[in-house]
Amino acid sequence: MLEVAGITTKYGAISALRDTSLTVGSGEVVGLIGPNGAGKTTLLGSVAGLLKPTGGTVTFDGADVTGAAPEKLLRAGLALVPEHRRIFVDLTVEENLKIGGITASKSDRAELLEEMADLFPVLRDKWTTQAGFLSGGEAQQLAIGRALMSKPRLLMMDEPSLGLAPVLVDVVFELIESLRAAGRTLLVVEQNASRMLEVADRAYVLRSGEMVAEGTGAELLERTDLFDTFVGG
Amino acid sequence: MTELLQNLIDGLGRGSIYALLALGVAVIFGVMHLLNFAHGEMITVSGYAAYWAFQQGWSWWIVVPLILVVSVLTSLAIDQVAFRRVRGADDFTLLLTSFGVHFVVFSLFLLYVSASVKNFSRPGWVTDTYKVGSLRIEVFDTVVIGVTIITLLLVSLLLQRTMFGLALRAAAADFDTARLMGVRSDNVIRGAFGLSGLLAGIAGVFWLMRAGQTTPSAGLDPMLKGVLAALIGGLGSLRGAVLGGLALGMAEVLLRSRLPDSIAGLTEGVVFLLIALLFIFRPGGFVSVAHAERV
Amino acid sequence: MGGLFPNIKRDVVFPLIGVIVLFVAVVAGALLYQSILGGAAERLVTLMLINAILVIGMQIYVGNTGVLSFGHIGFGAIAGYTFAVFAISPAEKLKRIPDAPFGLAEVDMNPWLALVIAVVVTLGFALLVGIGLARSGAESGAVAATVITLALLFVTHEVARNWPDLTGGDRAGLSFRIGGALDTRVPVYLALFCSLLVARLYAQSRSGRLAAAAREDNLAARAMGVNPLVQQMVALLISVAVVAVGASLRVYENGSILPDNLFFDLTLVTLVMLIVGGRNSVTGALVGVVVMTAGRELARRLGQEGFEVFGIGLDGAPLDWVFRENLQTVFLGVSMLVFMIWRPSGLLDDWELDEWLYARFGKSPSVKPDPLAELADNTGPALQASGIDVVFGGFQALKGAGLTAETGEIIGIIGPNGAGKTTFVNVITGMVKPTAGSFAIGDIDLTTKPPFELARSGIARTFQNLRLFSALTVRENVEASALIAKEHRRGHAVPNVDAIIAEAGLWDHRDRRARELDYGNSRRLELARAAATAPSFLLLDEPTSGMSNSESLEMIEQVRHMAATVGAAVIVIDHDLGFITGISDRIYVFDQGQVIADGTPAEVQADERVRAAYLGSAGG
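What follows is the structure in C-alpha cells.
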C-alpha cells in the first residue's frame, strides 16, 4: 500500500534521513521505533507531505506521491496524527472533528461524528468543550479521532503515547489494538518500543537517519541488542 | 455628560468603520502572517470604479454593490499577482511586498487616470441628523453602526457555523496541521482574501460616501487605520481587531472635541503618543495572543 | 577601544579603508557624470549624495536589527522642521510663523548649531518611540514594530500639516535662504563620509555584533546574555541621528520644507534603494542608491521622450506631465515588487567591501592556538533547583522536579521523550516560568529572572533543535558570546575565541557561515558558543542528537574538556545512556515530569525503573 524507497530529507545542509526505505501492506500494523533524533518524525513528515524529500520516492497505492501537498495526500487516503497531537485548542471537540472530516459530504460527516462519539466516549462528554481544556489522554484521543474522520486507508501516528500517564498509555495501545482488529492499516512511531512491538505485525528500527533493523514484532523483541540501539552502546 | 454621550456615539460611528478595516487586516494576518499594507488598495480601486459608475449616470443603489464586488475582486487579484509568489516568505519580505503592491496600484492610477482628485456626489442623507433628547445623531453614523453590527454577526456566524469558517480558524491556529487534515491551503487563503476584500468593501462604501472623492492615494489613510487598529487590538486576534478599531475611533473623536482649539489639529499626534504608551505598558495590545516559542 | 571593538585591524582600520574607497568611488563617479552633463546634473548629484546619507542611516537600523522601518523619514521630518525653525532668521520667521510656540520666532541661530539641535530633538523622540517599538516588537514580533514606524511617519506628516504656527502648514511651509542654499557640497561630503564610517564601525562594534546576533535568532541571543531591547535601541538612536543629519541637509539644500517633502515619496525612494542594494550591507545600501538614482533618471527621460512597450505606452509629445513625473514612481514600485519576489536580500546581500579587503589583504596567517589548559581550582556556589512545577494548558510537564549541581560536576539528565527534560532546562534558563518551585545559585534566587540575566549570572545553554546565528560566521557566533562574557562575567576565566573554536574542532571552518555547517559541526558550534559565555553552569540539550557513535564519543571528550577549561559544571540532557554514563558524575532520571531516580551511573544503570521508563515495561 505504502512504499517508501530510498528517501533522503534535509533541513538546510543537515540530512535528517538518509536513503531510508519502508513498506506498509494493506491491513498491516507497522511500528517505527528508535531513539530521539533518529528521524522518525522526519520520515512521517516526508510521507505526509509536510517535508519535501530531496531524494527517493514515496508510492501510495501504486501512484507516485513524492512531495505532494498534505491536503492532496489526505484525499488520497493517507492521514497523519502529528507529534504533540497539534489539536486546535481554541476550537471545540466537535469542531476539531469536523475539520478532520472536511473532505466528507455533510451527511457522511454527521455519521462519522456519531461514529467517533461512540469510539471515544470521553469525547462525547466534552463535545462542546474547547479542546485546550482536554487532558493529555483526551487530547490524544481527539487527535486520533480527528484523523479517522477522513476515513483514511492508511493512518500514521507520531508518538501517540508521548507525555501520557501510564494508565493513558494503556488506553492508547488498546486503541491501536482495536483499530488493528477493525482491519485498519497503521504506521505508528513510538518511543515505547516494547509495547509497540507487542501490537505491531512488523516494525522498523531507525537510528541516526538510517534503518538499522526490521522484522516482525516478535523477532525484534527477541533482539537483545535493541536496548543498546535505544540507549546507546 | 451629554457631550460625552455625544462623543461616544460619534466615536462608535467612526470606530465601526475602523473595526471593519481592522477585521479584514486580522483575517489575512491570521492565515498567512501577512500584515497587509495594501489593504487600502481595495478602497482606491473601488473609489475609481464608483467614479466611473457615476460618470455613466448610475445611482448609489448600483454603486454600492459595485464597490463590494470590485473590492472583493481587487483583493483576490492582488493575492493572485503578488502574494501567491511570496507565500511562506519571512515577515520582512511579506511586508515590503504588500507595500510594493500599494505603490504599483498607486502609480497605475497616477499614470493612466490622473493625480487630481475625482469628485462624485455624496448621497444626500450623509449629512442629515436627527435628535434624541439633546443628542444630535447623524443618520450616517446610525447606518454605519447598524451595518457593522449586522456584518460582525454574519462574519461570526460564518466563522462558527460553516466549514469554510472552521477551516479558516483551523488554518489560522496551525496552518500545517490544517493541511494535514485536508484543508486546502489555496482555498483558505483565497477565501481569506475574499472575506477581507468584502469587509474592506463595506468599509469602503462608507468611506467613499463620506469623502465623495477619490485619489490615487485614497487607500492609505484607511489602510493605516485598519492596520493600527489591528495592532492595538492585538495582532492575530479577530476580536481584538474589532475592539482596536472601536477604541481608535473613540479616541480620535474624544480627543478632537476635548483638546483646546489651538492644538486640535494635532489629534493624530496625541493619539499616536497614547498608542506608544499603550505599547510600553501592554506590548501585546488589548487581546494579547501568546506567541509560543518552540525551544 | 579594546572593549568596543574586538579586533582593531578588522573592525576599525579596514572599515576605514573600505569607507574611503567607497566614498571616493561614489563621489568621483558623481563628479564625472556632472562634468559630462554640466549644470543640469548638479542637483541630481547633490540629492543623490543626500539620499545616500538617509539610506545609510536607515541601513544602520534595518540591517542590524532586521526590523523593517517606514518611520525613519518621519524622524527625518522632525529633524527637518526643527532645523528649519532654528535656522531661519528671525526676520523671516516673524513674517511666516509669528505665533510659533516657546518664543521660537525670535531665535537666531547659526545653521550648524541648528543642525546639532535638530539631531538632539529627534533623538529625544526616537528614545520615546524606541521604547514602544522594542516592547511591542518583543511581544508581537517585528511586524508590530513596523506598524508603529509606519504610524510615526503618518503622524509626523499630519502634525506638520495641522500645526501652521510652527511649520507654516500645508501650503506655505517654511522657506528660507541662508546666503543661498547649500553653497558648496563640503558639508554633504563630510556628512556622507561620516555616516558611512559610523555605519561600518557600528556594525563591527560590540553593540552591532550583539544586535546582529539578536536579528539572527532572538531567543538564542537572549540565552547568551544579550538584551535585544537595549541593542535595538542603540541601533535606532545611531541610525536616527544619521537620518536627522541627512534630512536637515536636504532641507538646507532645498531651502524650504513642506509636509510632503519628508513623507511617503521619500520613504519609498529610500526604502527601495536600501532593499535593492541589500539591506544587510552598507556597501549594498550605497550601491542601491547609485543604481536606483540612475534607474529613476532613465525612467524620467523615457517619460520625457516617450516609449512603447508591447504596444502600450506613449509615442512622444504631447505627454501628460503627470505621466512624465510618475514614471519614476512606477519604476520604484515595480523594482520593489520584483526584488521582493525574486531577490529579497538585494543585489549584494550582506557583502561588505572592507570585509572582502580584510579577507584578501588584511588577515595575517593565523596560527591554530594551542589547546587550552584546564582550570585547576574551580570553586563557587552550587546551582540548586527544587519543587519545580510547570503546567501548560491542562498538561503538567513538570511535577516537583529539582536537582543540585556543584561546580566542576557533570550531571546527566535522562528520560524518555516527553519526560520534561527540555522543559526543565527551559525553566533553569528563564524561557519557561515555573508555576511553582524555585532555583538559585548559592543564595541568590534566580527564579523570576529573564534569560539574558540568567546567562550573565553564569547559566549558558545549547539548543536541541540548533539555534545558531545562521548568517554569521562560526567566528562571529562565538565572538558574540565572548563579548558578553567580557562585559558581564568579570572575574571568571574568559577564554580566547580562537582557542574555543579550535577546541571545538571548528578551526578549519572558522570563516564559514553557520548555516553552511553540517550537522555535527553545527552541534559543536552550539557547544563552543555556549562555552564562550564563560558560564559557571553549562546546560546541554541533546548534544549528540543525530550524531554517529564515533562522533558521540568525540563529543564526550569535547564537552568534558571544554567544561574544564572554562571552569563550568555541566548539566547534560541526552537519551543516549551510553553517552550519559560515559560523561556524568551523577545522573538524574526523569519520567512523567518527575525525577524518578538519581545517583551514580552504575546505580542508575542497575535501576529497574530506568529500563522500564525507557522501553516501556511489558504490560505497563
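These protein sequences, in sequence, are chains E, F and B.
Here the first sequence stands for residues 1 to 233, where the numbers follow this note's numbering.
Here the second sequence stands for residues 1001 to 1295, where the numbers follow this note's numbering.
Here the third sequence stands for residues 2001 to 2620, where the numbers follow this note's numbering.
Where is the CB? At the ideal position from N, CA and C, for every residue including glycine.
Just so it is clear, the structure is predicted and the values come from calculations on it, not from any experiment.
Tell me the DSSP secondary structure of residue i in three-state form.
i                     : result
phenylalanine 157(E)  : Strictly speaking, residue 157(E) in this sequence is methionine, with phenylalanine absent from that position. In this structure, methionine 157(E) counts as strand in the three-state DSSP scheme.
methionine 2109(B)    : coil
serine 2584(B)        : coil
arginine 1282(F)      : coil
glutamate 219(E)      : helix
glutamate 2526(B)     : helix
valine 188(E)         : strand
phenylalanine 2005(B) : coil
arginine 202(E)       : strand
phenylalanine 2014(B) : helix
threonine 2065(B)     : helix
isoleucine 1202(F)    : helix
aspartate 2598(B)     : strand
isoleucine 2411(B)    : strand
valine 2212(B)        : Checking the sequence shown, residue 2212(B) turns out to be alanine, not valine. Of the three classes helix, strand and coil, the one that applies to alanine 2212(B) here is helix, per DSSP.
glycine 2057(B)       : helix
glycine 2437(B)       : strand
threonine 1162(F)     : coil
leucine 22(E)         : strand
glutamate 2603(B)     : helix
serine 2366(B)        : coil
Since residue i and residue j should fall inside the 8 Å C-beta cutoff, what is the C-beta to C-beta distance between them, to a whole number of angstroms?
i                 : j                  : result
glutamine 1213(F) : valine 1126(F)     : At roughly 13 Å, the Cβ-Cβ gap does not stay under 8 Å, so glutamine 1213(F) and valine 1126(F) are not in contact.
valine 2583(B)    : arginine 2560(B)   : Sequence inspection shows isoleucine at residue 2583(B); the valine mentioned does not correspond to that position. The pair is a contact, with the Cβ atoms about 6 Å apart (cut-off 8 Å).
glycine 39(E)     : leucine 206(E)     : 6 Å
leucine 2174(B)   : arginine 2096(B)   : 6 Å
valine 1183(F)    : alanine 1171(F)    : 6 Å
alanine 2199(B)   : isoleucine 2056(B) : 5 Å
Would you kindly work out how many angstroms separate the C-alpha atoms of residue i and residue j, rounded to a whole number?
i                     : j                  : result
leucine 2201(B)       : lysine 2486(B)     : 19 Å
methionine 2340(B)    : methionine 1181(F) : 31 Å
asparagine 2051(B)    : valine 2240(B)     : 14 Å
isoleucine 2238(B)    : glutamate 2216(B)  : 20 Å
alanine 2317(B)       : tyrosine 1048(F)   : Reliability fails at alanine 2317(B), whose pLDDT of 43 lies under 50, so the model's placement of it is uncertain and no value is given.
valine 1147(F)        : leucine 1248(F)    : 19 Å
leucine 220(E)        : alanine 200(E)     : 10 Å
glycine 1285(F)       : serine 1016(F)     : 18 Å
alanine 1292(F)       : methionine 2224(B) : A caution first: alanine 1292(F) carries a pLDDT of 44, below 50, which makes its placement in the model too unreliable to give a value.
alanine 1241(F)       : alanine 1026(F)    : 6 Å
phenylalanine 2331(B) : valine 2120(B)     : 36 Å
Which two residues bound the contiguous beta strand (DSSP E) that contains residue i?
i                 : result
lysine 1131(F)    : 1129-1132
arginine 180(E)   : Run containing arginine 180(E): none in the beta strand (DSSP E); it sits in the alpha helix (DSSP H), 166-181.
threonine 92(E)   : That residue, threonine 92(E), is in no beta strand (DSSP E); it is neither H nor E in DSSP.
threonine 2404(B) : 2395-2405
glutamine 2464(B) : Per DSSP, glutamine 2464(B) belongs to no beta strand (DSSP E) and is neither H nor E.
glutamine 2384(B) : 2383-2392
leucine 32(E)     : 29-33
alanine 79(E)     : 78-81
Kindly identify the DSSP beta-bridge partner or partners of residue i.
i                  : result
glutamine 2231(B)  : Partner(s): none; glutamine 2231(B) has no beta bridge.
asparagine 1119(F) : Gln1213(F)
methionine 211(E)  : Leu206(E)
glycine 55(E)      : Thr8(E)
glutamate 1138(F)  : Thr1129(F)
valine 2570(B)     : Ile2410(B), Leu2538(B)
aspartate 2445(B)  : Ala2440(B)
Mind checking which residues open and close the alpha helix (DSSP H) that includes residue i?
i                     : result
valine 65(E)          : It is not in any alpha helix (DSSP H) - valine 65(E) carries neither H nor E in the DSSP assignment.
phenylalanine 1092(F) : 1091-1112
isoleucine 2556(B)    : 2549-2566
glycine 1232(F)       : Just to set this straight, residue 1232(F) is isoleucine in the shown sequence, not glycine. Taken as a continuous stretch (DSSP letters only), the alpha helix (DSSP H) holding isoleucine 1232(F) covers 1220-1233.
valine 47(E)          : 40-48
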